[in-house]
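Contents: one structure, followed by commentary.
Residue numbers (UniProt numbering): 1 to 332.
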């Protein structure tokens with residue numbers, strides 16, 4: 001039986017604008033959805049048949065109670081979940097602008113997911129898990145950031161696979177220099193690094209993804225993935241790099257959660273394929289194509305955790321689109 005993936009990071013509520021293309025400034029109607037990058041990945045893994053454990057902290061407000069119900073419904077393991085009745089749930093407002101890019105604004109007053117402490121993770125045994133996936137806005141505030149980085153060192157020391165998605169939200173970063181120091185420290189250790197093209201541009205200052213990749217630390221055994229929105233994704237490992245196009249002929253409703261669905265599908269594919277450092281580029285391309293399909297499905301729905309696809313849905317999508325010339329669509 002497969003060990004669970006430990007997913008460490010934020011869980012929150014997304015309020016998604018129903019006014020497509022108006023951005024946050026002009027949106028009037030919002031719909032509440034459970035979300036948070038790391039929680040979305042945990043839900044995505046479970047729906048793809050991979051066991052997942054969530055490491056985070058929940059508050060005591062009504063929003064936290066609702067999120068706990070979703071965790072239970074999705075059959076996500078809670079042995080690492082912590083509660084504090086005096087804390088609150090992070091709220092995120094999301095709206096697509098005229099270019100179809102999501103705009104985010106977060107409200108984190110006494111937010112529970114920022115308050116996880118190192119002492120609350122000391123009991124975790126890396127050998128109980130198949131992988132540790134972490135990142136996103138959970139790394140932007142202490143004490144939670146210290147706890148998640150401490151776990152990285154623990155898993156790395158035990159030679160258990162680690163996976164990182166910075167999922168950068170510039171509006172939450174108060175000190176870019178300090179953030180980049182943290183990012184490069186993490187990227188030099190983790191086994192799997194996933195970024196969007198916007199993330200990579202923020203990190204390197206380069207708009208061209210391939211040029212940006214050349215600025216990343218050169219680690220022969222690390223897998224680096226860059227999602228390119230409608231242009232697919234780039235996978236780089238073992239000195240080889242390949243662009244994998246995504247799917248066209250879909251009507252995009254909302255891109256929130258596409259990158260998280262991509263991430264969950266990548267981790268699922270890798271866990272079902274053995275040692276990813278020994279994968280052929282052909283096999284890795286197949287996994288990225290599967291992840292592109294999962295992300296594209298989410299783009300046809302209103303996003304966040306509710307939109308994560310199930311394994312049968314991805315298989316059915318791939319079967320329907322197997323002869324399609326994949327060029328346009330959504331991958332993260």
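Glycine included, C-beta positions come from ideal geometry on N, C-alpha and C.
Name the one or two DSSP bridge partners that residue 135 has. Along the chain shown, one-based indexing puts residue 135 at 135. Residue 135 is bridged to 165.
Helix, strand or coil: how does DSSP classify residue 208 here? Here residue 208 refers to the residue found at position 208 when the chain shown is read from its first residue. Coil.
Three-state secondary structure (DSSP) at residue 7? Along the chain shown, one-based indexing puts residue 7 at 7. For residue 7, the secondary structure class from DSSP, reduced to helix, strand or coil, is strand.
Where the beta strand (DSSP E) through residue 242 begins and ends: Here the question's residue 242 lines up with position 242 in the chain shown. Note, residue 242: beta strand (DSSP E), 240-244.
If the criterion is Cβ atoms closer than 7 Å, does the pair residue 225 and residue 235 meet it? Numbered from its first residue, the chain shown carries residue 225 at position 225. Numbered from its first residue, the chain shown carries residue 235 at position 235. A contact, by the Cβ cut-off of 7 Å.
Assign residue 36 to one of two classes, buried (16 or more other C-beta atoms within 10 Å of its C-beta) or exposed (fewer than that). Here the question's residue 36 lines up with position 36 in the chain shown. Burial call: buried.
Provide the residue span of the beta strand (DSSP E) that contains residue 33, from first to last. On the chain shown, residue 33 is found 33 positions in, with the first residue counted as 1. Element bounds for residue 33: 30-35.
Given a threshold of 16 other Cβ atoms within 10 Å of its Cβ, counted over all protein chains shown, does residue 251 qualify as buried or as exposed? Walking along the chain shown from the start, residue 251 turns up at place 251. Sixteen is the threshold: since fewer than 16 other Cβ atoms of the shown chains lie within 10 Å of the Cβ of residue 251, the residue is exposed.
Taking Cβ positions, are residue 264 and residue 59 nearer each other than 7 Å? Locating residue 264 in the chain shown gives position 264, counting from the first residue. Locating residue 59 in the chain shown gives position 59, counting from the first residue. The beta carbons of residue 264 and residue 59 sit no closer together than 7 Å.
If you follow the alpha helix (DSSP H) that residue 80 is in, where does it begin and where does it stop? As a first step, residue 80 is located in the chain shown; it is residue number 80 there, counting from the start. Segment: none, residue 80 is in no alpha helix (DSSP H) and carries neither H nor E.
Smallest Cα separation from residue 152: which of 174, 169, 129, 311? By 1-based counting over the chain shown, the position of residue 152 is 152. Of the candidates 174, 169, 129, 311, the one whose C-alpha sits nearest the C-alpha of residue 152 is 129.
Determine the direct distance from the alpha carbon of residue 49 to that of residue 132, and round the result to whole angstroms. By 1-based counting over the chain shown, the position of residue 132 is 132. By 1-based counting over the chain shown, the position of residue 49 is 49. One C-alpha to the other measures close to 17 Å.
Give me the residue from 18, 23, 216, 42 with the minimum Cα distance to residue 31. Residue numbering aside, residue 31 sits at position 31 when the chain shown is read from its first letter. Nearest C-alpha to residue 31 among 18, 23, 216, 42: 18.
So, residue 63 versus residue 89, is the Cβ gap smaller than 7 Å? The residue given as residue 63 occupies position 63 in the chain shown. The residue given as residue 89 occupies position 89 in the chain shown. The beta carbons of residue 63 and residue 89 sit closer together than 7 Å.
For a test of the three-state rule: what should DSSP assign to residue 189, helix, strand or coil? On the chain shown, position 189 is the one that residue 189 refers to. When DSSP states are grouped into helix, strand and coil, residue 189 belongs to the coil group.
Which residue comes first and which comes last in the beta strand (DSSP E) that contains residue 105? Position 105 of the chain shown, counted from the first residue, corresponds to residue 105. From DSSP, the beta strand (DSSP E) with residue 105 extends over 102-107.
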